[in-house]
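Numbering (UniProt numbering), first residue to last: 1 to 574.
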């Protein structure tokens, strides 16, 4: 073999000692995750206590631009705080390669540290025993599966509770750990195949049950990582989703029968996964929703009644989203097991709750029609509905990071900038209304960029007029305001005529009141930040990736000058 590692012939006592070492290092790798979470929890508790003590100081209540705040900024503690904010901003910058977004810098840095730690556990104490090293890589990789499953959970996530975060924010670490586990399993498989080849038993061993199960599991991980690539997700998200769901259920038994010592890890991950599915099922309800096209646009408006016990959850958390599923009664084919019908069993699309009415309690969702089966089916129901019928939809939620955001209407921020692009306003508008409802004097500014005037007519009752007349809202019309007028693809029934007249009036008013150009995000950001050098600013964006990237670049200029900024980019990229 090599001078470092050799194929050793061990007696039973040595094999038993090797098995004990493998089990110990697997438990150590598994427990390391708990140590990291405990340290982070202690950090959060410490930060909370420090923040609480800081709030009690008189200088905290100083007005923006006051000498007190200026002295605080110039002190050593203020300088260190500014440096910390700059470092945090730098860590959260995206890493782009070959035109693709591969995650944030903090993901690569922490991921590299965690990889080195796991590699250390793989090699330390293995001696020159090649098979011990090979088995160690597999054991350490499998020990990470429970936390890998936990990081993907939506409803029952202990990690989200500890971090006080949403599953959307936690999911990025699921991707990071997935790459690490794949890397370790790749080495485990490569080392074993090399062993079989060196011993001249490759063709015989790869068809034996235990090695074949290992190869099958590794192929499953290849499918997971391949379909998780952005190019695949963009082409067909349902391929990514169905593959992940299928492999997630198939891997635990395959790994267990590959090596029975993995029972603890695979059972833990699978049990948590099933518990999460049960909680999600309990939080899902079926509503008979009205589905209608928004004339002059490719938008669809969905209004679903909500039981009082469910409505309170949405009302308390503006800016949340739900996952929609199409029940059999609303699918294009009546056959429950037909391909066109069965595909909807694995489709759960996220839609932001644009508004919630009180009496009666109703959720309003707005979706842009794309080429996928979900929105295509919703468009089919909307355009063929000539009698005002309602269609059953399964609604799961609420979810979203908005529930974990700081109070934008409170004293922590002097100004708030909300930026929306297209249907991203379904997230921004509820936040805007919530801020003003809690604090009418809040210095909040909303920027909404739309392609056509029709795109802004979905909140036609009440909210539309307030947006048109509100000088704190800037609307930008980036496309031809008349380009949708020639679209004859939307049929209008008599029951739509009253709403059509309202929309037409709102559309005309929107067109006349809009800035018919792209928003100058740099000027908008600079105007906000120049109003007070000590002011704390919150910036929230929901829209196209290019818009969010440009906005972050301009905000980053002020962060590097030491300004206190809260930043949030709402995205459904994953």
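We put the beta carbon where it would ideally sit given N, CA and C, even for glycine.
7 Å Cβ shell around residue i - same chain, five flanking residues per side excluded
i	result
residue 37	159 and 162
residue 528	415, 417, 445 and 537
residue 556	89
residue 255	142, 217, 262 and 266
residue 472	444, 445 and 446
Closest by C-alpha distance to residue i, when choosing among the options
i	options	result
residue 302	213, 357 and 440	357
residue 547	80, 557, 449 and 536	449
residue 274	157, 312 and 221	157
residue 297	48, 479 and 220	479
residue 411	88, 538 and 252	538
residue 95	89, 105 and 88	105
residue 387	354, 286, 292 and 406	292
residue 108	119, 173 and 129	173
residue 289	257, 255 and 324	324
residue 239	431, 433, 124 and 346	346
residue 10	276, 129 and 33	129
residue 530	561, 518, 519 and 176	561
residue 533	519, 552, 518 and 564	564
residue 406	164, 277, 124 and 312	164
residue 259	381, 142 and 197	142
residue 152	277, 101 and 85	277
residue 435	350, 317 and 398	317
Residue i Cβ short of 7 Å to the ligand MN heavy atom set
i	result
residue 146	Looking at this structure, you won't find the ligand MN or any other ligand, since it has none at all.
Coarse secondary structure for residue i, derived from DSSP in three states
i	result
residue 489	In this predicted model, residue 489 has a pLDDT of only 35, less than 50, meaning its place in the structure is not dependable enough to derive any value.
residue 283	coil
residue 228	coil
residue 543	coil
residue 496	Confidence at residue 496 is low in this model, with a pLDDT of 45, below 50, so its placement is unreliable and the value that follows should be read with caution. Of the three classes helix, strand and coil, the one that applies to residue 496 here is helix, per DSSP.
residue 526	helix
residue 568	strand
residue 535	coil
residue 129	strand
residue 478	coil
residue 470	coil
residue 364	strand
residue 210	helix
residue 502	Residue placement at residue 502 cannot be trusted, given a pLDDT of 47 that sits under 50; what the coordinates show is reported in the next sentence. It is helical.
residue 372	coil
residue 519	coil
residue 357	strand
residue 8	coil
Close Cβ partners of residue i (< 6 Å) along its chain, the five nearest in sequence each way excluded
i	result
residue 522	554
residue 362	303 and 305
residue 195	none
residue 550	521
residue 269	145, 146 and 149
residue 221	182 and 185
residue 375	367 and 369
residue 34	none
residue 30	143
Separation of residue j from residue i, as counted between CA atoms
i	j	result
residue 359	residue 149	40 Å
residue 383	residue 211	54 Å
residue 498	residue 444	With a pLDDT of only 41 at residue 498, under the threshold of 50, the placement of this residue in the model should not be trusted, and no figure is reported.
residue 192	residue 126	16 Å
residue 181	residue 319	34 Å
residue 216	residue 438	56 Å
residue 271	residue 208	29 Å
residue 265	residue 379	44 Å
residue 368	residue 423	7 Å
residue 228	residue 389	38 Å
residue 28	residue 17	16 Å
residue 570	residue 253	37 Å
residue 4	residue 136	16 Å
residue 366	residue 247	32 Å
residue 20	residue 119	19 Å
residue 202	residue 218	17 Å
residue 552	residue 525	10 Å
residue 53	residue 332	60 Å
residue 166	residue 154	8 Å
residue 328	residue 102	37 Å
residue 61	residue 80	In this predicted model, residue 61 has a pLDDT of only 46, less than 50, meaning its place in the structure is not dependable enough to derive any value.
Cβ shell of residue i (< 8 Å), same chain only, five flanking positions each side left out
i	result
residue 420	427, 428, 429, 446, 447, 448, 449, 541, 542 and 543
residue 22	132, 135, 136, 139 and 261
residue 223	243 and 247
residue 91	104, 105, 106 and 109
Contained beta strand (DSSP E) runs [length at least 3] in the segment 379-462, N- to C-terminal order:
As far as the segment 379-462 is concerned, its whole beta strand (DSSP E) runs of at least 3 residues are 391-399, 415-421 and 444-450.
Just to confirm the assignment: which complete alpha helix (DSSP H) runs, minimum length 4, are found wholly within the segment 132-202?
Taking only runs of at least 4 residues, the alpha helix (DSSP H) segments lying wholly in the segment 132-202 are 145-150, 158-163 and 167-198.
Output the residue ranges of the beta strand (DSSP E) runs that lie fully inside the segment 285-331 and measure 3 residues or longer, sorted by chain position.
If we require 3 residues or more, the beta strand (DSSP E) runs fully inside the segment 285-331 come out as 299-305 and 321-325.
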